[in-house]
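If you use the working numbering, the sequence shown corresponds to residues 74 to 141, in order. Presented below is the structure to which this report refers.
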Amino acid sequence: MWYPYKRTFIALELAIGFVCWMVYRAAAPDLAPAATAFIVMQVGAVAGSIWANRLRKKVTCSVSRLFN
74 MWYPYKRTFI ALELAIGFVC WMVYRAAAPD LAPAATAFIV MQVGAVAGSI
124 WANRLRKKVT CSVSRLFN
């Protein structure tokens, strides 16, 4: 599960940080919206990594069955 997330970790964290910074700036000095955006995006990144791993296993299994 870690591999798909590890490959894009730096770029993804920079994008999340930028979006959170923009939310913080737009919401005046209120941390709650930025913290909520950060948590939602982190959960989404991990969920996407888990989903990608699951799909990769399904594709690998179906391809190996096709050629065996």
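Even for Gly, the Cβ is constructed at its ideal location relative to N, Cα and C. Predicted model, so just to flag it, every value in this text is computed and none were measured.
Straight-line gap, residue i to residue j (C-alpha atoms, nearest Å)
{"i": "I83", "j": "S135", "result": "32 angstroms"}
{"i": "F91", "j": "V132", "result": "34 angstroms"}
{"i": "R98", "j": "N126", "result": "35 angstroms"}
{"i": "W94", "j": "A107", "result": "7 angstroms"}
{"i": "A120", "j": "M114", "result": "10 angstroms"}
Where residue i falls: helix, strand or coil (DSSP)
{"i": "A99", "result": "helix"}
{"i": "T81", "result": "coil"}
8 angstroms Cβ shell around residue i - same chain, five flanking residues per side excluded
{"i": "L104", "result": "Y97"}
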